[in-house]
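Participant:
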Amino acid sequence: MGKDFKSMVTRCIYVGKENDNVKKLETATEELKDLRNNVMKRVKMYEDQQKLKRLEKVQVWLRQADVAIKEAEEMLIRMMSSSSSNGSSMMSCHKMDKKLCKKLKEIQEIKSRGTFDVVVENSGIGGSMMVSTVDRDDQTVGLEAVSGLVWRCMTVDNTGIIGLYGVEGVGKTTVLTQVNNRLLQHKSNGFDFVIWVFVSKNLNLEKIQDTIREKIGFLDRSWTSKTEEEKAGKIFEILSKRRFALFLDDVWEKVDLVKAGVPPPDGQNRSKIVFTTCSDEVCREMGAQTKIKMEKLPWERAWDLFKKNAGEETVKSHPDITKVAQEVAAKCDGLPLALVTIGRAMASKKTPQEWRDALYILSNSPPNFSVLKLLDRN
Numbered sequence: 004m005g006k007d008f009k010s011m012v013t014r015c016i017y018v019g020k021e022n023d024n025v026k027k028l029e030t031a032t033e034e035l036k037d038l039r040n041n042v043m044k045r046v047k048m049y050e051d052q053q054k055l056k057r058l059e060k061v062q063v064w065l066r067q068a069d070v071a072i073k074e075a076e077e078m079l080i081r082m083m084s085s086s087s088s089n090g091s092s093m094m095s096c097h098k099m100d101k102k103l104c105k106k107l108k109e110i111q112e113i114k115s116r117g118t119f120d121v122v123v124e125n126s127g128i129g130g131s132m133m134v135s136t137v138d139r140d141d142q143t144v145g146l147e148a149v150s151g152l153v154w155r156c157m158t159v160d161n162t163g164i165i166g167l168y169g170v171e172g173v174g175k176t177t178v179l180t181q182v183n184n185r186l187l188q189h190k191s192n193g194f195d196f197v198i199w200v201f202v203s204k205n206l207n208l209e210k211i212q213d214t215i216r217e218k219i220g221f222l223d224r225s226w227t228s229k230t231e232e233e234k235a236g237k238i239f240e241i242l243s244k245r246r247f248a249l250f251l252d253d254v255w256e257k258v259d260l261v262k263a264g265v266p267p268p269d270g271q272n273r274s275k276i277v278f279t280t281c282s283d284e285v286c287r288e289m290g291a292q293t294k295i296k297m298e299k300l301p302w303e304r305a306w307d308l309f310k311k312n313a314g315e316e317t318v319k320s321h322p323d324i325t326k327v328a329q330e331v332a333a334k335c336d337g338l339p340l341a342l343v344t345i346g347r348a349m350a351s352k353k354t355p356q357e358w359r360d361a362l363y364i365l366s367n368s369p370p371n372f373s374v375l376k377l378l379d380r381n
C-alpha cells in the first residue's frame, strides 16, 4: 500500500510538471507562429511589390520555424492523446517530459533568431544590399506621402511618439518598414540604436524586452535569470544614455514602455517611438503626439494600381475581362496591399472564365494569403 501510494504521488508530480511544460510549449509555439507570419508578411510584401529576393538566412530561418512548429504541434497532439489514457508509466512520463523540454528549448532558440532588420536583397546585384523603398517610384501608390510625413517627424524635436493607424491592409507596416530601412541605410542618421519589435495581438512584455536587449547589444548570460523589473532597469540604463528609434509594429493595446524599461522620448534625448495600430484609441493610450491616419485609396488610384500589377495588356485582352477586372479590383476595397498582391496573382489569367472564378472566390472570402493561393491554382 505504501509503495503504491508513493508511486502514485511521484507520478502526479511528473504529470504536474509535464502539464506545466505543455502550457509553456503551447505558448512558445504560438509566439513563434506569430513571428514567422510577420517575417513572411514582410518578405512577401517586398517580393510581390518590388520583385526582390529574400535573404538566404531568412529563408533558412523560415524553414526551421516551419519544421519546429509542425513537430511541436504533433508532439502536443500526442500528449493530449496519451493524457486521455491512464496507462502511461512513470518512466514514459519522464521520457515525454524530457522531449517536451528539448522541443521547448529549440522553439525558444529559433524564436530568438527571428528578428531581422533586412529580409530581402536586390536580386539583380551580387551580394546583399539594404532596401529603402521610400524614394522608389513603385507600387506603393499613396504611401509615399505618409512615409515622407513620418520621416519629417523623425527629424524634428517636438514630436517623440508617432502613431500610424488605419484598417488592416492599408499599408501601415509598409510605411513603417520604409522608414526603418531608410534609417538603417543612412548610417549618419543620428540614432545610436534602430530597434524593430513585432508586438502582435498577444502582448508579451518580456518578448519586447528580449528583442530590445538583442538590439542594444546586452549579451550578458545572466539576462535569462533576471526578473522583468531587473531587465527593465538594465534597458533603461543603456537607452537613457543613447538616442534611439523604436518601431513597434501591429500594436493592439497599450504597451507599457516604461515598465519595459524604455525612456520616454523628450527634447533632451531626441529619441523616437513609431508604432502601427488599427485603433485611434490605442494612439491616445500610447500618448502619440502625432497621429497619422492612413486612408484607403480612392477608386481611380486603386484601379490604376491594380492595372499596373495585373498588366494593362492582360486587363484589355478581352472586353469581358476588363469588366470583371474592375469588379475584382473593387473587392480589394482600396487597400494597397490587396490591390498589389491580387493584381500580380491575376497577371497570368488570360481568359474571362479565370477572372470570373477569381471574382467568385473573392466574393466569398476577404483578400488574404489563403485566397491568393486559390487564385494561383485557378
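Throughout the sequence shown, residue numbering follows the working numbering, covering 4 to 381 in sequence. Positions of the beta carbon are idealized from the N, C-alpha and C atoms, including for glycine. All of these numbers come straight from a predicted model, not from anything done at the bench.
Helix, strand or coil for residue 288? Go by DSSP, reduced to three states.
Facilitator: The answer is helix: DSSP assigns residue 288 an H, G or I state.
Participant: For residue 71 and residue 162, I'd like the C-alpha separation in whole angstroms.
Facilitator: 42 angstroms
Participant: Taking the beta strand (DSSP E) that residue 203 belongs to, which residues open and close that run?
Facilitator: 196 to 203
Participant: Tell me residue 124's beta-bridge partners as DSSP assigns them.
Facilitator: 56
Participant: Using the three-state DSSP reduction, which class does residue 309 fall into: helix, strand or coil?
Facilitator: helix
Participant: So, is residue 170 buried or exposed, given that buried needs 16 or more other C-beta atoms within 10 angstroms?
Facilitator: Classification of residue 170: exposed, given that the 10 Å Cβ count is below 16.
Participant: Suppose contacts are defined by Cβ-Cβ distances below 8 angstroms. Is residue 164 in contact with residue 291 by that definition?
Facilitator: yes
Participant: Residue 355 and residue 307 - do their beta-carbons sit closer together than 8 angstroms?
Facilitator: no
Participant: Using 8 angstroms as the threshold, is the C-beta distance between residue 212 and residue 234 below it?
Facilitator: yes
Participant: Grab me the residues of residue 362's own chain with a C-beta within less than 6 angstroms of its C-beta, minus the 5 sequence neighbours each way, in chain order.
Facilitator: 327, 330 and 331
Participant: Going by DSSP, which residues form a beta bridge with residue 178?
Facilitator: Its beta-bridge partners do not exist; DSSP assigns none.
Participant: Could you give the distance in angstroms between the alpha-carbon of residue 219 and the alpha-carbon of residue 249?
Facilitator: 11 angstroms
Participant: Among the residues of its own chain, which have a CB less than 8 angstroms from the CB of residue 115, if the five just before and after it don't count?
Facilitator: If we look at residue 115 and ignore the five residues flanking it on each side, its Cβ neighbours are 213 and 217.
Participant: Measure the CB-CB distance between residue 238 and residue 265 and report whether it falls below 8 angstroms.
Facilitator: yes
Participant: Taking Cβ positions, are residue 251 and residue 258 nearer each other than 8 angstroms?
Facilitator: Closer than 8 angstroms, so yes.
Participant: Run through the segment 221 to 293 for me and flag every whole beta strand (DSSP E) of 3 or more residues, listed as ranges in chain order.
Facilitator: 247 to 254 and 275 to 280
Participant: Any idea what DSSP makes of residue 151, helix, strand or coil?
Facilitator: helix
Participant: Does the beta-carbon distance from residue 83 to residue 106 come in below 8 angstroms?
Facilitator: Going by C-beta atoms, residue 83 is not nearer than 8 angstroms to residue 106.
Participant: With DSSP collapsed to three states, give me the class of residue 219.
Facilitator: coil
Participant: Please report how far the alpha carbon of residue 166 lies from the alpha carbon of residue 286, in whole angstroms.
Facilitator: 6 angstroms
Participant: Among the residues of its own chain, which have a CB less than 6 angstroms from the CB of residue 280, if the five just before and after it don't count?
Facilitator: So the qualifying residues of the chain are 168 and 254.
Participant: Could you tell me which of 240, 284 and 353 sits nearest to residue 316, measuring between CA atoms?
Facilitator: 353
Participant: DSSP state of residue 296, grouped into three classes?
Facilitator: strand
Participant: Going by DSSP, what residues sit across from residue 166 in a beta bridge?
Facilitator: Residue 166 is bridged by DSSP to 278 and 294.
Participant: Rounded to a whole number of angstroms, what is the C-alpha to C-alpha distance between residue 225 and residue 267?
Facilitator: Here the alpha carbons of residue 267 and residue 225 stand approximately 26 angstroms from one another.
Participant: Do you know how far the Cα of residue 347 is from the Cα of residue 313?
Facilitator: 5 angstroms
Participant: Can you have a look at residue 98 and say buried or exposed, based on whether 16 or more other CB atoms are within 10 angstroms of its CB?
Facilitator: exposed
Participant: Here's a check: name, in chain order, each residue in its chain whose Cβ is nearer than 7 angstroms to the Cβ of residue 247, leaving out the five neighbours to either side.
Facilitator: In the same chain as residue 247, and ignoring 5 residues on each side of it, the C-beta atoms closer than 7 angstroms to its own belong to 194, 195, 196, 198 and 274, in chain order.
Participant: To which residues of the same chain is residue 342 closer than 8 angstroms at the C-beta, ignoring the five residues directly before and after it?
Facilitator: Within the same chain, and ignoring the five residues on either side of residue 342 in sequence, the residues whose Cβ sits closer than 8 angstroms to its Cβ are 300, 305, 308, 309, 312, 332 and 335.
Participant: Please report how far the alpha carbon of residue 160 lies from the alpha carbon of residue 24, in whole angstroms.
Facilitator: 47 angstroms
Participant: Quick check: what's the CA-CA separation for residue 155 versus residue 148?
Facilitator: 11 angstroms
Participant: Can the beta-carbon of residue 56 be found less than 8 angstroms from the beta-carbon of residue 123?
Facilitator: yes
Participant: Should residue 35 and residue 110 be called a contact, given that it needs their Cβ atoms to be closer than 8 angstroms?
Facilitator: Going by C-beta atoms, residue 35 is nearer than 8 angstroms to residue 110.
Participant: Can you grab the Cα-Cα spacing for the pair residue 271 / residue 242, in whole Å?
Facilitator: 13 angstroms
Participant: Roughly how far, in whole angstroms, is the beta-carbon of residue 153 from the beta-carbon of residue 182, given that I think they are within contact range, below 8 angstroms?
Facilitator: 5 angstroms
Participant: Return the CA-CA distance between residue 117 and residue 63, expressed in angstroms with no decimal places.
Facilitator: Taking the CA atoms as reference points, residue 117 sits about 11 angstroms from residue 63.
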